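So the structure is just underneath, and the comments pick up after that.
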């Protein structure tokens, strides 16, 4: 695939297209226009066409896009059509919630194992995922390459744990700890989930209504 | 406050400024330039200045911003300086995680109560928040106005529960159910938290590295 610069704003919209197309596919819709996609997602039609043109365009002006093939192409661009290894670090409430309810496969990952320090948890399984001793993660990583680590440890352990994961050669950290971290110079991507940012946006929006 | 149109992209950056300024304040930094703010957040300095100019600008070109006063102004714009009522609906794993670990107050909300249908949970408390019977929420809403409902029910109950909350007069729904919903015509704002979108972005980023 040719490597050209694509704006982070375009990249942040890719999952939304992917989700929307999956829903259309599930509803049995076969073709969709850029204006319908735009309206569903709250974008403009020209933005949709511009975004798609970053990837060479998905064609058929005036005729709409084939939902299945567009969904497949976007899945390929995102990389969710591959299956990479993920592990989860820290099986607290949020870790439990993700283990029970989150579908890693639809995001291109197989959740191979979870790690914790609690004696009560080690050796048990949640939803088919075994909980292993965090003390053994170095050993584990020698046998199984970890592509992405899901970081759900308490805030105070965030940095040291992340550092340890970087040493193990992970390529990405899905960071729920609210502690900002940057490992760009080591080639490790960090994607932060900040619940608070989202609630503050809602706060802003309801504040405007008065 | 004068009401002018402000782009959703600017609004989505406000919580990031707020978070960054709180961290600077905690570290004892007194003044900050737009270029330092920009670098910390991965924006450009001109974007930062443009964003601030949407709110009339926070002044002092070439001299930097006063961290405390800028943080306060942004808090005021977002509305986190007020304290509004929130309730949480659905005390599963994610509900537990939020009750245990999430600081609603720093986002401008007081979490007044949680609601569930489970007999085992009703009447108990988590972190000082009482869990009430979902069957009594209509009665509850007569006495306490609910500004925002945090929706952490299972997917299959998402729509009917949201509809019920809208009837109760909530002004915003913080939606963790992965079910898209729109109540614009009723004046109710919905802020969706899609974990999958975030993991797909990480997937895209590590896919580029090959």
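Protein chains in written order, with this note's numbering: chain G, 1 to 210; chain U, 1001 to 1210. Where a beta carbon is used, it is the ideal one built from N, C-alpha and C, also for glycine. The structure displayed is predicted, hence computed values, not measured ones.
Query, Result
"Check whether the segment 130 to 146 of chain G and the segment 1198 to 1208 of chain U are in contact - that is, three or more C-beta pairs closer than 8 Å.", "no"
"Suppose you measure from the CA of residue 1089/U to the CA of residue 1068/U; what does that come to, to the nearest Å?", "35 Å"
"Answer with buried or exposed for residue 63/G, where buried requires no fewer than 16 other C-beta atoms within 10 angstroms of its C-beta.", "exposed"
"Report all residues from its chain with a CB closer than 7 Å to the CB of residue 1022/U; omit the five preceding and five following residues, and keep chain order.", "1071"
"Rounded to the nearest angstrom, what separates residue 1204/U and residue 1148/U at their Cα positions?", "33 Å"
"By the three-class DSSP mapping on this structure, what secondary structure does residue 50/G have?", "helix"
"Are the beta-carbon atoms of residue 5/G and residue 31/G separated by less than 8 Å?", "no"
"May I ask you to list, following chain order, the residues of the segment 91 to 108 of chain G that have a beta carbon less than 9 Å from some beta carbon of chain U?", "92, 93, 94, 95, 96, 97, 98, 99, 100, 101, 102, 103, 104, 106, 107 and 108"
"Assign residue 1065/U to one of three DSSP states: helix, strand, or coil.", "strand"
"Grab the span of the alpha helix (DSSP H) containing residue 1226/U for me, first residue to last.", "Residue 1226/U cannot be examined here, being either before or after the span of chain U that is shown, 1001 to 1210."
"Just the C-alpha distance for residue 1047/U and residue 132/G, rounded to the nearest angstrom, thanks.", "45 Å"
"Is the number of C-beta pairs between the segment 75 to 86 of chain G and the segment 1074 to 1082 of chain U that are closer than 8 Å three or more?", "no"
"Since residue 128/G meets chain U, which of its residues come closer than 7 Å, beta carbon to beta carbon?", "Those within 7 Å of residue 128/G in chain U number zero; the least Cβ separation is about 16 Å."
"Using a Cβ-Cβ distance under 8 Å, would residue 195/G count as near chain U?", "yes"
"Am I right that residue 91/G and residue 121/G are in contact with their C-beta atoms under 8 Å? What's the rounded C-beta distance?", "5 Å"
"Would you decide whether residue 1001/U is buried or exposed? Buried here means 16 or more other CB atoms lie within 10 Å of its CB.", "Residue placement at residue 1001/U cannot be trusted, given a pLDDT of 45 that sits under 50; what the coordinates show is reported in the next sentence. Answer is exposed; the Cβ neighbour count stays below 16."
"Just to confirm, are residue 1054/U and residue 1037/U a CB contact at a threshold of 8 Å?", "no"
"Quick one, which of 1161/U, 1035/U and 1101/U has its alpha-carbon nearest residue 1129/U's?", "1101/U"
"Against residue 1147/U, what residues of chain G qualify as contacts under a CB-to-CB distance less than 7 Å, listed in chain order?", "206"
"Skipping 5 residues on each side, what residues in its chain have a beta carbon closer than 8 Å to that of residue 1110/U?", "1083, 1084, 1085, 1086 and 1104"
"What number of angstroms, rounded off, separates the C-alpha of residue 7/G from the C-alpha of residue 74/G?", "16 Å"
"Hey, how far is the Cα of residue 1194/U from the Cα of residue 108/G?", "15 Å"
"Using the beta-carbon count (16 or more within 10 Å), is residue 1152/U buried or exposed?", "buried"
"How is the beta strand (DSSP E) around residue 58/G delimited, first residue to last?", "Looking at the DSSP string, residue 58/G is not in any beta strand (DSSP E), and its letter there is neither H nor E."
"Could you tell me which whole alpha helix (DSSP H) segments of length 4 or greater appear in the segment 1 to 49 of chain G?", "8 to 26 and 34 to 41"
"When DSSP labels each residue in this structure, what does residue 1197/U get in the three-state scheme?", "helix"
"Would you say residue 1048/U reaches chain G, if we count a Cβ-Cβ gap shorter than 8 Å as a contact?", "no"
"Can you name the start and end residues of the alpha helix (DSSP H) that residue 1142/U belongs to?", "1137 to 1143"
"Please report the residue range of the beta strand (DSSP E) in which residue 1208/U lies.", "Note, residue 1208/U: premise wrong, no beta strand (DSSP E); not H, not E."
"Whole angstroms is fine: what's the gap from residue 1168/U's alpha carbon to residue 1099/U's?", "22 Å"
"Does residue 1198/U get closer than 8 Å to chain G when you measure Cβ to Cβ?", "yes"
"Indicate whether at least one CB of chain G lies closer than 8 Å to the CB of residue 1089/U.", "no"
"Any residues in the segment 1020 to 1035 of chain U with a beta carbon nearer than 7 Å to a beta carbon of chain G? Which ones, in chain order?", "none"
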